[in-house]
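Pasting the structure below:
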């Protein structure tokens, strides 16, 4: 009889804990909205898709009274530059993102601009290594440039 009494109390405590835990989880989900005030639009190639993903990730928590559309696209330019010693030439890749922030309701242009960053890279002998290095640098440029755009938009909206 004493054992069943303890077992009943344990079941009641566990069920109470279960219901309280579920209630607090549902309340915390209601507090943080999962929508953004900024809709990101980019072209559909590899690096522009990555740009769209990075901008969505950064702007998902921006909550504003108005809704906005952000159009952005990235372009790359590559060139040879001189090494300090002058023996081997270095390569430089430049990433530039052009963007426009437009109010969704009024279709008014809120902010537009262009952000440019450059990365120097050395000489790699294998073709595979050169290709992989170039892809990695383009991905790094996308992440860095998207943070710059996010900071400019955040400054404007706040």
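In our numbering, the protein residues as written are -14 to 143. Each residue gets a CB set at the ideal place from its N, CA and C atoms; glycine is no exception.
DSSP-derived helix/strand/coil call for residue i
| i | result |
| --- | --- |
| residue 115 | helix |
| residue 47 | coil |
| residue 85 | strand |
| residue 22 | coil |
| residue 17 | Below a pLDDT of 50, predicted positions are generally treated as unreliable, and residue 17, at 35, falls in that range; no measurement from the model is reported. |
| residue 109 | coil |
| residue 29 | coil |
| residue 120 | helix |
| residue 91 | coil |
| residue 131 | helix |
| residue 75 | strand |
| residue 12 | Reliability fails at residue 12, whose pLDDT of 38 lies under 50, so the model's placement of it is uncertain and the value that follows must be treated cautiously. Three-state result, residue 12: helix. |
| residue 52 | coil |
| residue 62 | strand |
C-beta contact flag for residue i and residue j at 8 Å
| i | j | result |
| --- | --- | --- |
| residue 51 | residue 102 | no |
| residue 40 | residue 25 | yes |
| residue 86 | residue 43 | no |
| residue 104 | residue 122 | yes |
Length of the line joining the Cα atoms of residue i and residue j
| i | j | result |
| --- | --- | --- |
| residue 3 | residue -11 | 21 Å |
| residue -8 | residue 21 | 48 Å |
| residue 118 | residue 80 | 15 Å |
| residue 111 | residue 127 | 25 Å |
Nearest neighbour of residue i, chosen from the options [CA to CA]
| i | options | result |
| --- | --- | --- |
| residue 58 | 131, -9, 141 and 122 | 131 |
| residue 76 | 115, 140, -6 and -8 | 115 |
| residue 49 | 88, 42 and 29 | 88 |
| residue 93 | 105, 74, 53 and 31 | 53 |
| residue 60 | 30, 38, 47 and 46 | 30 |
| residue 33 | 124, 137, 46 and 143 | 124 |
Beta-carbon contacts of residue i that lie in its chain and below 7 Å, excluding the five residues immediately before and after
| i | result |
| --- | --- |
| residue 120 | none |
| residue 64 | 77 |
Cβ neighbours of residue i in the same chain (closer than 6 Å, five flanking residues each side left out)
| i | result |
| --- | --- |
| residue 133 | 100 |
| residue 96 | 86 and 141 |
Residues of its chain near residue i, where Cβ-Cβ distance is below 8 Å and the 5 sequence neighbours each way are ignored
| i | result |
| --- | --- |
| residue 46 | 21 |
| residue 137 | 96, 98 and 100 |
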